[in-house]
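Below: one structure, written as structure tokens.
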Amino acid sequence: MNVLRFSKLVFGSATVFFLIAPLIAILPLAFTDSVFLNYPIPGYSTRWFEELFTAGVWQRSIINSLIIGCGTTVLATVLGTVGALGLRDRQLSLALATIKTIFLLPMVVPAVVLGVGMQLMFARYGLTNTYLGVIIAHTVVAVPFVVVNVLAVLQGIDRRLEQAAASLGAAPVTVLKQVTLPLALPGIVSGAVFAFATSLDEVVLTLFVAGPNQRTLARQMFSTIRENISPAIAAAAFVFIVGTVLIAVVLNFSRGTKQANG
Amino acid sequence: MSNPFIRLEEVSKSFGLLTVVEGLNLEIGKGEFISLLGPSGSGKTTILMMLAGFENPTSGAIWAGGKRIDSLPPHRRNMGVVFQNYALFPHMTVSENVAFPLKMRGLPRALIKERVEKALDMVQLGSLAERRPSQLSGGQQQRVALARALIFEPEVVLMDEPLGALDKQLREQMQLDIRDLHRRLELTIVFVTHDQSEALTMSDRIAIFNRGKIEQIGKPSDIYDHPSTQFVAEFIGETNLVRGCVQTIEGGTARVQLPGGQVVFVAAATDLRPNGSVCLSIRPERIKVGRREAAGNNITAAIFDVVYHGDHLRLLARSDGQGLVVKTDRSQPTLSIGEEVQLSFLPSDCWVVRP
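Chains as they are written, first to last, in the numbering used here: chain A, 7 to 268; chain B, 591 to 945.
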């Protein structure tokens, strides 16, 4: 018993260390006062955060990430929720099962393949180097996360609640607005959060379809590390991680309310 | 029925190859409390779902209040539905749940508030108006569901095993409450259940379902005393089924020989023929221990178990290979296992049932 507990502890700690070691390595560098991205850290300052929020390219990329992230979130959440409502607990005929698989395909198709296809297609419709183009590209990979999350919640909703609402005089649209969507809200919120997070760290598609004006934070970090290795990257990473933690908190909160309701 | 409020005409329902309801005809009067009783899978819930509009009949017509309703969507049928799991909206408070049907009908806010308060008082839940359904007990939730289904004064209330999830004591209390509401509000209630005692205590009429068809329909006492088939006799209450062969019919009494050779007299039903085989239903409480003179049937049986039930005793006996259950009060002298006794019953207590 003690051996078991001990080995659990050791393996658990080792796994956690394995997962977060890269983060631990990069985070302190955000606070270096040197111009090099390496250890040891000679002294501490917040100059790279200032650089991040004042230097033109970084500032621009943060704003771009927010614009594209919000656009993607809205579009993916709407499309994914509507898709999930359509796919919900039907007797899965072959056709519907196929459609469901297609919905989830962008999760597994290599981003490079999607990127090439999008670049060809977007060029045709004048969408390359536009915000709309990048938002559409990100939406394609974000929709599956919304579909999966919303579908999971919808399948947990008792059909009889909707039947009850109908018998009490609610037309189908009213049932959707007053019963189905409120009950699916935790799933929709999780889906939206995943969509935003997906957009935030998406690099590959962005490389293919975005122009210099749509450089996102992730894309900017990617080029910075090739061109000039500046500790601003570490600061950007720090911002990312804080953002991710906030997202995780939102997710936990929305799951918490789901449990309270269910 | 001279003026039925609800009429089902040749209604059938199939799911793929499976026929759940077959050529059903049923008339329900205004203000009637009718129970649809049957084992699971007998089609009773499907009929309720078709009345509510959640399922469409494969063929046939459903009429309510003189209008054909089988193509009407559920929200335009004006029927209250009470579900077994209550189906309360978890994201709304008790009063919001009860107010829902009135809000759907666009009533002014002040009037809604007043009627919700009245409805919650009616089911004694006024003090819990601001709670969420998850904070209530099963019985309280069921009363909220009742209030919600009654507040918009529907023409018909459909109940799908509404008491199935409650414990015995609460269930009996709710049975009385629902009966009381039925009388006070003059409701038409269609009540689906698989619990025969519930159907017997609550209904004006009972329709017994078996494999998508009505096996027998009638008043509870008719069905209990005069079951038409073996299925009904066994499903409602407890019974002894005894097979025999008709020997002679004389003056309304048939002489029936049991397989073991003993002879009993049976009040003859119209369709009995000499030399025909017959199945008799004899209720356990109709059989007495001890000889009965005059017109009684007396048979000899050996007791092989005596079961104490508090208010009565149940004797398990065997007579020429035929098992018999006898329900007797406790004033009987002590009976011991293995003892030979005389059992007696009247010819009128033997009811002929179709197999």
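Ideal placement from N, C-alpha and C gives every residue a C-beta, glycine not left out.
Please read these numbers as outputs of a predicted model, since none were measured by experiment.
Legend entry - Simplified DSSP assignment, three categories, for residue 872 of chain B: Within the second sequence, numbered from 1, the residue matching residue 872 of chain B stands at position 282. DSSP places residue 872 of chain B in strand when its eight states are reduced to three.
Inset, instruction - Compare the C-beta of residue 651 of chain B against all C-beta atoms of chain A and say whether one is closer than 8 Å. - result: The residue given as residue 651 of chain B occupies position 61 in the second sequence. False, the Cβ-Cβ gap to chain A never drops below 8 Å.
Legend entry - Cα-Cα separation, residue 156 of chain A to residue 220 of chain A: Indexing the first sequence from 1 puts residue 156 of chain A at position 150. Indexing the first sequence from 1 puts residue 220 of chain A at position 214. So the two alpha carbons sit approximately 30 Å from each other.
Inset, instruction - Answer with yes or no whether the minimum CB distance from residue 161 of chain A to chain B is below 8 Å. - result: In the first sequence, residue 161 of chain A corresponds to position 155, counting from 1. Not one chain B Cβ lies under 8 Å of residue 161 of chain A.
Legend entry - Rounded C-alpha distance that separates residue 88 of chain A from residue 81 of chain A: By 1-based counting over the first sequence, the position of residue 88 of chain A is 82. By 1-based counting over the first sequence, the position of residue 81 of chain A is 75. Rounded to whole angstroms, residue 88 of chain A to residue 81 of chain A spans 11 Å at the Cα level.
Inset, instruction - State buried or exposed for residue 772 of chain B, treating a residue as buried only when at least 16 other CB atoms are found within 10 Å of its CB. - result: The residue you call residue 772 of chain B lines up with position 182 of the second sequence. Buried is the label assigned to residue 772 of chain B, since at least 16 other Cβ atoms lie within 10 Å of its Cβ.
Inset, instruction - Run the CB neighbour count on residue 266 of chain A, radius 10 Å, all protein chains shown included, and call it buried at 16 or more, exposed below. - result: Within the first sequence, residue 266 of chain A is the residue found at index 260, counting from 1. Note that residue 266 of chain A has pLDDT 47, beneath the 50 cutoff, so the model's placement of it is unreliable and no number is given.
Inset, instruction - Would you please verify whether the beta carbon of residue 695 of chain B is less than 8 Å from any beta carbon of chain A? - result: Residue mapping note: residue 695 of chain B aligns to position 105 of the second sequence, counting from 1. Closer than 8 Å: yes.
Inset, instruction - Report, in whole angstroms, the separation of the C-beta atoms of residue 640 of chain B and residue 672 of chain B, which I expect to be a contact under 8 Å. - result: Within the second sequence, the letter at position 50 stands for residue 640 of chain B. Within the second sequence, the letter at position 82 stands for residue 672 of chain B. That pair is no contact at about 17 Å.
Inset, instruction - Ignoring anything shorter than 4 residues or poking outside the region 777-810 of chain B, list the alpha helix (DSSP H) runs there in chain order. - result: 786-792
Inset, instruction - State whether the region 182-194 of chain A contacts the region 111-124 of chain A, with contact taken as three or more CB pairs (one from each stretch) at a distance under 8 Å. - result: no
Inset, instruction - Quick one: using the 10 Å Cβ neighbour count with 16 as the cut-off for buried, is residue 131 of chain A buried or exposed? - result: On the first sequence, position 125 is the one that residue 131 of chain A refers to. With fewer than 16 other Cβ atoms within 10 Å, it is exposed.
Inset, instruction - Return the Cβ separation of residue 848 of chain B and residue 912 of chain B in integer angstroms, given the expectation that the two are a contact with Cβ distance under 8 Å. - result: Numbered from its first residue, the second sequence carries residue 848 of chain B at position 258. Numbered from its first residue, the second sequence carries residue 912 of chain B at position 322. With 8 Å as the limit, residue 848 of chain B and residue 912 of chain B qualify as a contact, their Cβ atoms being about 6 Å apart.
Inset, instruction - Figure out for me which residue from B:803, B:644, B:764 has the closest Cα to the Cα of residue 630 of chain B. - result: As a first step, residue 630 of chain B is located in the second sequence; it is residue number 40 there, counting from the start. Residue B:803 is the option with its Cα nearest to residue 630 of chain B.
Legend entry - Where residue 44 of chain A falls: helix, strand or coil (DSSP): Counting from 1 along the first sequence, the entry for residue 44 of chain A is found at position 38. If DSSP states are grouped into helix, strand and coil, residue 44 of chain A belongs with coil.
Legend entry - Burial state of residue 634 of chain B (16 or more Cβ within 10 Å): What you label residue 634 of chain B is simply residue 44 of the second sequence in a count that begins at 1. By the 10 Å Cβ count, residue 634 of chain B comes out buried.
Inset, instruction - With a cut-off of 8 Å on the beta carbons, I'd call residue 551 of chain B and residue 598 of chain B a contact; round off their distance for me. - result: No answer is possible for residue 551 of chain B: it lies beyond the span of chain B, which begins at 591 and ends at 945.
Legend entry - Contact residues within the region 163-178 of chain A, judged by C-beta distance below 8 Å to chain B: 164, 166, 167, 169, 170, 171, 172, 173, 174, 175, 176, 177, 178
Legend entry - Limits of the unbroken beta strand (DSSP E) element including residue 845 of chain B: Residue numbering aside, residue 845 of chain B sits at position 255 when the second sequence is read from its first letter. Residues 843-847.
Legend entry - Reduced DSSP secondary structure (H/G/I, E/B, other) of residue 682 of chain B: Along the second sequence, one-based indexing puts residue 682 of chain B at 92. Looking at residue 682 of chain B - three-state DSSP - the assignment turns out to be coil, as it is neither helix nor strand.
Inset, instruction - Under 7 Å between beta-carbons, which chain A residues line up against residue 646 of chain B? List them in chain order, please. - result: Working through the second sequence from its first residue, we reach residue 646 of chain B at position 56. Going along chain A, no residue has its Cβ under 7 Å from residue 646 of chain B, so there is no contact; the nearest lies around 14 Å.
Legend entry - Pairwise C-alpha distance: residue 694 of chain B and residue 252 of chain A: Indexing the first sequence from 1 puts residue 252 of chain A at position 246. Indexing the second sequence from 1 puts residue 694 of chain B at position 104. If I take the Cα positions, the gap works out to 39 Å.
Legend entry - Cβ contact (3+ pairs, closer than 8 Å) linking the region 793-807 of chain B and the region 848-857 of chain B: no
Inset, instruction - Please say whether residue 58 of chain A and residue 238 of chain A have beta carbons closer to each other than 8 Å? - result: The sequence position of residue 238 of chain A within the first sequence is 232, counting from 1. The sequence position of residue 58 of chain A within the first sequence is 52, counting from 1. A contact, by the Cβ cut-off of 8 Å.
Legend entry - Beta carbon proximity, residue 642 of chain B to chain A, threshold 8 Å: Working through the second sequence from its first residue, we reach residue 642 of chain B at position 52. It does; some Cβ of chain A falls within 8 Å.
Inset, instruction - Using a threshold of 8 Å, state whether the C-beta atoms of residue 696 of chain B and residue 664 of chain B are closer than that. - result: Locating residue 696 of chain B in the second sequence gives position 106, where the first residue counts as 1. Locating residue 664 of chain B in the second sequence gives position 74, where the first residue counts as 1. Going by C-beta atoms, residue 696 of chain B is not nearer than 8 Å to residue 664 of chain B.
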